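Reading through the structure tokens given below for one structure.
There are 2 protein chains.
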Amino acid sequence: MPRFDQMSKTELTELYADLRRKYEEAAGLGLSLNMARGKPAADQLDLSDELFSAVSTGKDCRADGMDLRNYGKLEGIEDCRTFFGEMLGAPASQVLVGGNSALNMIFDTLMRAMVFGLHSYTEPWMGQGKLKFLCPCPGYDRHFAIAEALGMELIPVEMKDDGPDMDAVEELVKDAAVKGIFCVPKYSNPTGITFSDAVVRRFAALKPAAKDFIIVWDNAYAVHDLYDEGDVLLNLLSEAEAQGRGDMVFAYTSTSKVTFPGAGVAAMAASAENIAYHKKIMGFQSIGPDKLNQLRHLRYLPDMKAVSAHMQKHAELLRPKFETVLNALDAEVAPAGIGTYTRPRGGYFISLDVMDGCASRVWKLLADIGVEMTPAGASFPYKKDPRDRNLRIAPTFPTLSELKKATDLLVLCVKLAACEKLLEV
Amino acid sequence: MPRFDQMSKTELTELYADLRRKYEEAAGLGLSLNMARGKPAADQLDLSDELFSAVSTGKDCRADGMDLRNYGKLEGIEDCRTFFGEMLGAPASQVLVGGNSALNMIFDTLMRAMVFGLHSYTEPWMGQGKLKFLCPCPGYDRHFAIAEALGMELIPVEMKDDGPDMDAVEELVKDAAVKGIFCVPKYSNPTGITFSDAVVRRFAALKPAAKDFIIVWDNAYAVHDLYDEGDVLLNLLSEAEAQGRGDMVFAYTSTSKVTFPGAGVAAMAASAENIAYHKKIMGFQSIGPDKLNQLRHLRYLPDMKAVSAHMQKHAELLRPKFETVLNALDAEVAPAGIGTYTRPRGGYFISLDVMDGCASRVWKLLADIGVEMTPAGASFPYKKDPRDRNLRIAPTFPTLSELKKATDLLVLCVKLAACEKLLEV
Numbered sequence: 108m109p110r111f112d113q114m115s116k117t118e119l120t121e122l123y124a125d126l127r128r129k130y131e132e133a134a135g136l137g138l139s140l141n142m143a144r145g146k147p148a149a150d151q152l153d154l155s156d157e158l159f160s161a162v163s164t165g166k167d168c169r170a171d172g173m174d175l176r177n178y179g180k181l182e183g184i185e186d187c188r189t190f191f192g193e194m195l196g197a198p199a200s201q202v203l204v205g206g207n208s209a210l211n212m213i214f215d216t217l218m219r220a221m222v223f224g225l226h227s228y229t230e231p232w233m234g235q236g237k238l239k240f241l242c243p244c245p246g247y248d249r250h251f252a253i254a255e256a257l258g259m260e261l262i263p264v265e266m267k268d269d270g271p272d273m274d275a276v277e278e279l280v281k282d283a284a285v286k287g288i289f290c291v292p293k294y295s296n297p298t299g300i301t302f303s304d305a306v307v308r309r310f311a312a313l314k315p316a317a318k319d320f321i322i323v324w325d326n327a328y329a330v331h332d333l334y335d336e337g338d339v340l341l342n343l344l345s346e347a348e349a350q351g352r353g354d355m356v357f358a359y360t361s362t363s364k365v366t367f368p369g370a371g372v373a374a375m376a377a378s379a380e381n382i383a384y385h386k387k388i389m390g391f392q393s394i395g396p397d398k399l400n401q402l403r404h405l406r407y408l409p410d411m412k413a414v415s416a417h418m419q420k421h422a423e424l425l426r427p428k429f430e431t432v433l434n435a436l437d438a439e440v441a442p443a444g445i446g447t448y449t450r451p452r453g454g455y456f457i458s459l460d461v462m463d464g465c466a467s468r469v470w471k472l473l474a475d476i477g478v479e480m481t482p483a484g485a486s487f488p489y490k491k492d493p494r495d496r497n498l499r500i501a502p503t504f505p506t507l508s509e510l511k512k513a514t515d516l517l518v519l520c521v522k523l524a525a526c527e528k529l530l531e532v
Numbered sequence: 108m109p110r111f112d113q114m115s116k117t118e119l120t121e122l123y124a125d126l127r128r129k130y131e132e133a134a135g136l137g138l139s140l141n142m143a144r145g146k147p148a149a150d151q152l153d154l155s156d157e158l159f160s161a162v163s164t165g166k167d168c169r170a171d172g173m174d175l176r177n178y179g180k181l182e183g184i185e186d187c188r189t190f191f192g193e194m195l196g197a198p199a200s201q202v203l204v205g206g207n208s209a210l211n212m213i214f215d216t217l218m219r220a221m222v223f224g225l226h227s228y229t230e231p232w233m234g235q236g237k238l239k240f241l242c243p244c245p246g247y248d249r250h251f252a253i254a255e256a257l258g259m260e261l262i263p264v265e266m267k268d269d270g271p272d273m274d275a276v277e278e279l280v281k282d283a284a285v286k287g288i289f290c291v292p293k294y295s296n297p298t299g300i301t302f303s304d305a306v307v308r309r310f311a312a313l314k315p316a317a318k319d320f321i322i323v324w325d326n327a328y329a330v331h332d333l334y335d336e337g338d339v340l341l342n343l344l345s346e347a348e349a350q351g352r353g354d355m356v357f358a359y360t361s362t363s364k365v366t367f368p369g370a371g372v373a374a375m376a377a378s379a380e381n382i383a384y385h386k387k388i389m390g391f392q393s394i395g396p397d398k399l400n401q402l403r404h405l406r407y408l409p410d411m412k413a414v415s416a417h418m419q420k421h422a423e424l425l426r427p428k429f430e431t432v433l434n435a436l437d438a439e440v441a442p443a444g445i446g447t448y449t450r451p452r453g454g455y456f457i458s459l460d461v462m463d464g465c466a467s468r469v470w471k472l473l474a475d476i477g478v479e480m481t482p483a484g485a486s487f488p489y490k491k492d493p494r495d496r497n498l499r500i501a502p503t504f505p506t507l508s509e510l511k512k513a514t515d516l517l518v519l520c521v522k523l524a525a526c527e528k529l530l531e532v
């Protein structure tokens, strides 16, 4: 495949006609394929089938001197706090284990900041005027949606290969109206990159003007390596604590993509002071999380070694999917000079930048023939990609054969849109 | 047992000496008894042991055209919405099924009201100045604690035998700063009374000055009858909707005291408009509740008939406990004229009014000999019982023999405190 920008107009016109013909063929097939959802496939969920029977009777439900079926233990089972403490790099005492969703814990943290103040010593965000939140992008749409719903102005920050543009971040936090930043620091959604040690250290050393600035450290893919050699993320919480700045950091993770997305266990870690303060407010909200599901998880995955062995099984199912997409892009898109993309070593997404101004067109072309992708722009604040070039590929949910078809059509449409742009059709 | 107020000073002094001696004896026993906690006992939890194996494999987890292990279904499984709709008296479409805690859903509703506004057409409570909340009392301390945490002024309203003093409620809601009222309308915590039809109709016809006034209708004991003939609660939601005032009503319930307090399923019902609006905001908070626990519950308790049969087993365990307390009070407290109390036909509590000014003293006397009761005043706003007479008895958690001992000591201390008061010791 030659570079499109080196082809003559005639060659390009012929190619375009050929691509159109293939597209019309595909349109006739009545396909229904989906590369939109960052969800585990059924075969991945089957890996955790033993979770259902991990706790089979109430006689087996004692821990921490209590009957786990009953009320209480707002902070979560102790062994579970230790477990997630290892995953998040925090002592058990600085971990709260919750329900089935880290997103829920993030939302609740920000709601508490709105109504009560982020720290015991700061004022509620509500009433402080128009606030702003930093959104490294492409990034996770559900993060941005929370800040937007809370009435914040979303400030885009460029996501680089080693993390957010820290020069920009350091500059932007001089504005006291900037109250936080969203990060998926390992196998970032959607680019799949992991923040470098240097970036993490610059986060730890951040001196925001706002005393109630929060780094939402959503470590959703903490253990989600595709290869034996996984990326290693520096521990932001301990780095920040070493600088006396631990109060900025709220870290989250869950087993949503370890066991079951709908019925996993989520946890947060923060400074001792923040944990005490947030737990106090949570005490008005809840008498305690679902400790039986926590116990089930502990029995099934007692430690990080068990998690690691379990995640290798996920990787075996996911690697061929990621490689299917990457191989097709390597063969047809990169050499044509019509797109660049990331090569994640973990996580759930591949981020594809097509030619400027072409992402919405590619999305539309695919949607019209029954291939659903995450809408172009979804990974940007206000769903607006200023260059209209980014597409998020989610290869995990379809079967391998569906994914092959979907990827072929993605490549076809990337080429089509490029031809249209170059030919000004 | 003669009435204390008809005894001579000599008789009373002799009685007091005798009671003191018995008290000192009890003090020497090193007891540790607990009537403080409204928790099911272990034998009640054992009733639901089959819940653990109600869903045993992922192959069994399809409903609503989806794999329940995966993400999604923010509103809960459809059959679960129907189930809780029956419990709350609402169509399935007006029900959201959540996680393990109705308290959590109540708190979240009020947080949404604070930050986003209670309805799509009203302003956030925050920024509206000092707000007030009506607290029928004695009532549920965790309700009052939420409103207090949110910075509201707690306005006490007298709880009568048929519900809150509606004359007072109708007068108080003329103040636009009054934003809501907490109700446990069936087998109320702690008095155990059920709101009469007349009271429910007056709630439905309420015309609060605040457009964003909420009736927090916490139907925690909807199916928790102690006897075959249970109290019947009129359906507030449909009554209010008939008056065009459905938007005021947010109803909640859970299986916390049906299956497991720590791992049950909770739900809320409201007007169609409120459900749509709150669900939209919840869409920022969560991708969906734990649907596997919902499925477990559906399999184990598929309908109200199954629930009713199950609750009869609870009743068999609880009736002897309630009757132990009531028999002792009937024998020793009522005839002595030193206390009045409720005779609940369901729920988890008995409310005891001792002589004015004696509740804290009774609590302290009991605490000193190892019998833990809910602190006097806990059922009142700011934990202050203006007459210092109310004690909440929670008979469910101790074993029957522990409860017998604790009740004997309760009666002893009620008498002691009465003697002290009458003798001015």
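In the order they appear, the protein sequences are chains A and B. For the first sequence, the numbering used here assigns the number 108 to the initial residue and increments by one for each residue that follows. For the second sequence, the numbering used here assigns the number 108 to the initial residue and increments by one for each residue that follows. Positions of the beta carbon are idealized from the N, C-alpha and C atoms, including for glycine. Computed from a prediction, not measured in an experiment: that's the story for all the values here.
(request) Buried or exposed for Tyr85 of chain B, please, with buried defined as at least 16 other CB atoms from any protein chain shown within 10 angstroms of its CB. (result) Nothing in the structure corresponds to residue 85 of chain B, since chain B is present only between 108 and 532.
(message) Is Ser370 of chain B close to chain A? Criterion is C-beta to C-beta, closer than 8 Å.
(response) Numbered from 1 along the second sequence, position 263 holds the residue referred to as residue 370 of chain B. It should be noted that the sequence gives Ala, not Ser, for residue 370 of chain B. Closer than 8 Å to some Cβ of chain A, the Cβ of Ala370 of chain B qualifies, so yes.
(message) I need the straight-line Cα distance from Gln401 of chain B to Phe190 of chain B, nearest angstrom please.
(response) As a first step, residue 401 of chain B must be located in the second sequence, where it is residue number 294. As a first step, residue 190 of chain B must be located in the second sequence, where it is residue number 83. Taking the Cα positions, Gln401 of chain B is about 10 Å away from Phe190 of chain B.
(request) Note down, in chain order, each residue of its chain lying with its Cβ closer than 6 Å to the Cβ of Ala373 of chain B, except the 5 sequence neighbours on either side. (result) For this step, residue 373 of chain B is matched to residue 266 along the second sequence. Gly205, Ser208, Ala209, Met212 and Ser361, listed in sequence order.
(request) For Phe289 of chain A, write down the residues that DSSP places opposite it in a beta bridge. (result) Here residue 289 of chain A refers to the residue found at position 182 when the first sequence is read from its first residue. Answer by DSSP bridge pairing, in chain order: A:Val323.
(message) Suppose you measure from the CA of Leu530 of chain B to the CA of Lys491 of chain B; what does that come to, to the nearest Å?
(response) On the second sequence, residue 530 of chain B is found 423 positions in, with the first residue counted as 1. On the second sequence, residue 491 of chain B is found 384 positions in, with the first residue counted as 1. Spanning the two alpha carbons is a distance of roughly 25 Å.
(message) Under 8 Å, Cβ to Cβ, is there at least one residue of chain B near Arg176 of chain A?
(response) Stepping through the first sequence from its first residue, residue 176 of chain A is reached at position 69. Yes, Arg176 of chain A lies at the interface with chain B (some Cβ there is under 8 Å from its Cβ).
(request) May I ask which residues mark the beginning and end of the alpha helix (DSSP H) holding Met194 of chain A? (result) Translated into the one-based positions of the first sequence, residue 194 of chain A becomes position 87. Segment Glu185 to Leu195, the alpha helix (DSSP H) holding Met194 of chain A.
(request) Put Leu433 of chain A into one of helix, strand or coil per three-state DSSP. (result) As a working note, residue 433 of chain A is residue 326 in the first sequence. Helix.
(message) Which residues in chain A have a C-beta closer than 8 Å to the C-beta of Asn296 of chain B? List them in chain order.
(response) One-based indexing of the second sequence puts residue 296 of chain B at position 189. Simply none; closest approach about 13 Å.
(message) Please tell me whether Asp325 of chain B and Cys290 of chain B are closer than 8 Å, where the distance is taken between their beta carbons.
(response) For the purposes of this step, residue 325 of chain B is identified with residue 218 of the second sequence, where counting begins at 1. For the purposes of this step, residue 290 of chain B is identified with residue 183 of the second sequence, where counting begins at 1. Yes, they are a contact pair.
(request) Please name the residues in the stretch 153-168 of chain A whose beta-carbon is closer than 7 Å to at least one beta-carbon of chain B, in chain order. (result) Asp153, Asp156, Phe159, Ser160, Val162, Ser163, Thr164 and Gly165
(message) I want to verify the contact list: residues of chain A whose CB lies under 7 Å from the CB of Ile253 of chain B, in sequence order.
(response) For the purposes of this step, residue 253 of chain B is identified with residue 146 of the second sequence, where counting begins at 1. By Cβ distance, chain A contributes Phe391.
(request) Have a look at Thr298 of chain A and Glu479 of chain A and give me their C-alpha separation to the nearest angstrom. (result) Here residue 298 of chain A refers to the residue found at position 191 when the first sequence is read from its first residue. Here residue 479 of chain A refers to the residue found at position 372 when the first sequence is read from its first residue. Cα to Cα, Thr298 of chain A sits roughly 19 Å from Glu479 of chain A.
(request) Return the CA-CA distance between Leu517 of chain B and Val469 of chain B, expressed in angstroms with no decimal places. (result) Taking the second sequence and counting its residues from 1, the one referred to as residue 517 of chain B is at position 410. Taking the second sequence and counting its residues from 1, the one referred to as residue 469 of chain B is at position 362. Distance from the CA atom of Leu517 of chain B to the CA atom of Val469 of chain B, rounded to whole angstroms, is 8 Å.
(message) Quick check on Ala413 of chain B: buried or exposed, where buried means 16 or more other Cβ atoms within 10 Å of its Cβ?
(response) Taking the first residue of the second sequence as 1, we reach residue 413 of chain B at position 306. Flag for Ala413 of chain B reads exposed.
(message) Just to check my reading of the structure: Leu456 of chain B and Gly145 of chain B have Cβ atoms closer than 8 Å, yes? What is that Cβ distance to the nearest angstrom?
(response) Taking the first residue of the second sequence as position 1, residue 456 of chain B is located at position 349. Taking the first residue of the second sequence as position 1, residue 145 of chain B is located at position 38. First, the residue type needs correcting, since residue 456 of chain B is Phe and not Leu in the sequence shown. About 6 Å separates the two Cβ atoms, so the contact holds.
(message) Less than 8 Å between CB atoms is the rule here; does Gly234 of chain B satisfy it with respect to chain A?
(response) As a first step, residue 234 of chain B is located in the second sequence; it is residue number 127 there, counting from the start. Cβ-Cβ to chain A under 8 Å: yes for Gly234 of chain B.
(request) Answer with buried or exposed for Arg128 of chain A, where buried requires no fewer than 16 other C-beta atoms within 10 angstroms of its C-beta. (result) Residue numbering aside, residue 128 of chain A sits at position 21 when the first sequence is read from its first letter. So Arg128 of chain A counts as exposed.
(message) Quick check on Leu507 of chain A: buried or exposed, where buried means 16 or more other Cβ atoms within 10 Å of its Cβ?
(response) By one-based count along the first sequence, residue 507 of chain A stands at place 400. By the beta-carbon neighbour count (other beta carbons within 10 angstroms, threshold 16), Leu507 of chain A is exposed.
(request) For Thr301 of chain A, count neighbouring Cβ atoms within 10 angstroms of its own Cβ and tell me buried if that reaches 16, exposed if not. (result) Position 194 of the first sequence, counting from 1, holds the residue named residue 301 of chain A. Around the CB of Thr301 of chain A, 16 or more other CB atoms lie within 10 Å, so the residue is classed as buried.
(message) Against Pro198 of chain A, what residues of chain B qualify as contacts under a CB-to-CB distance less than 9 Å, listed in chain order?
(response) Start at 1 with the first residue of the first sequence, and residue 198 of chain A comes out as number 91. Listed by position along chain B, the residues whose Cβ is nearer than 9 Å to that of Pro198 of chain A form an empty set, because the closest Cβ is around 24 Å away.
(request) Output the boundary residues of the alpha helix (DSSP H) element that contains Met212 of chain B. (result) One-based indexing of the second sequence puts residue 212 of chain B at position 105. Start and end: Ala209 to Val222.
(message) Quick check: the Cα distance between Leu473 of chain B and Ala327 of chain A, rounded to an integer number of angstroms?
(response) The residue given as residue 473 of chain B occupies position 366 in the second sequence. The residue given as residue 327 of chain A occupies position 220 in the first sequence. Distance between the alpha carbons of Leu473 of chain B and Ala327 of chain A: 50 Å.
(request) Note down the Cα distance separating Phe367 of chain B from Thr514 of chain B, rounded to an integer number of angstroms. (result) Counting from one through the second sequence, the residue named residue 367 of chain B turns up at place 260. Counting from one through the second sequence, the residue named residue 514 of chain B turns up at place 407. C-alpha separation (whole angstroms): 26 Å.
(message) Is it the case that the stretch 340-354 of chain B contacts the stretch 309-320 of chain B, given that we only count it when at least three CB pairs across the two stretches are under 8 Å?
(response) yes
(message) Can you tell me where the alpha helix (DSSP H) holding Thr117 of chain B begins and where it ends?
(response) The residue labelled residue 117 of chain B in the question sits at position 10 within the second sequence. Per DSSP, Thr117 of chain B is one residue of the alpha helix (DSSP H) stretching across Lys116 to Ala134.
(message) From the DSSP secondary-structure annotation, give me the bridge partner or partners of Ala513 of chain A.
(response) As a first step, residue 513 of chain A is located in the first sequence; it is residue number 406 there, counting from the start. Looking at the DSSP assignment, Ala513 of chain A forms no beta bridge with any residue, so it has no partner.
(message) Please classify Glu348 of chain A as buried or exposed, where buried requires at least 16 neighbouring CB atoms within 10 angstroms.
(response) Against the first sequence, residue 348 of chain A aligns to sequence position 241. Around the beta-carbon of Glu348 of chain A, 16 or more other beta-carbon atoms lie within 10 Å, marking it buried.
(message) Can you list, in chain order, the residues of its chain with a C-beta nearer than 7 Å to that of Arg450 of chain A? Leave out the 5 residues immediately preceding and following it.
(response) As a working mapping, residue 450 of chain A is identified with position 343 in the first sequence. The beta carbon of Arg450 of chain A lies closer than 7 Å to those of Leu433 in the same chain, with the five residues before and after it left out.
(request) With a cut-off of 8 Å on the beta carbons, I'd call Ala483 of chain A and Asp495 of chain A a contact; round off their distance for me. (result) As a position in the first sequence, residue 483 of chain A is number 376, starting the count at 1. As a position in the first sequence, residue 495 of chain A is number 388, starting the count at 1. About 6 Å; that satisfies the 8 Å criterion.
(request) Return the CA-CA distance between Gln419 of chain A and Asp156 of chain A, expressed in angstroms with no decimal places. (result) For the purposes of this step, residue 419 of chain A is identified with residue 312 of the first sequence, where counting begins at 1. For the purposes of this step, residue 156 of chain A is identified with residue 49 of the first sequence, where counting begins at 1. In a straight line, the C-alpha of Gln419 of chain A is about 16 Å away from that of Asp156 of chain A.
(request) For Gly353 of chain B, name the three-state secondary structure that DSSP assigns. (result) Position 246 of the second sequence, counted from the first residue, corresponds to residue 353 of chain B. DSSP places Gly353 of chain B in helix when its eight states are reduced to three.
(request) Report yes or no: do the stretch 373-382 of chain A and the stretch 191-200 of chain A share at least 3 C-beta pairs separated by less than 8 Å? (result) The stretch 373-382 of chain A is in contact with the stretch 191-200 of chain A.
(message) According to DSSP, is Met418 of chain B part of a helix, a strand, or is it coil?
(response) Position 311 of the second sequence, counted from the start, is the residue given in the question as residue 418 of chain B. If DSSP states are grouped into helix, strand and coil, Met418 of chain B belongs with the helices.
(message) Quick check: the Cα distance between Lys511 of chain B and Leu140 of chain B, rounded to an integer number of angstroms?
(response) Within the second sequence, the letter at position 404 stands for residue 511 of chain B. Within the second sequence, the letter at position 33 stands for residue 140 of chain B. Answer to the nearest angstrom: the Cα atoms are 10 Å apart.
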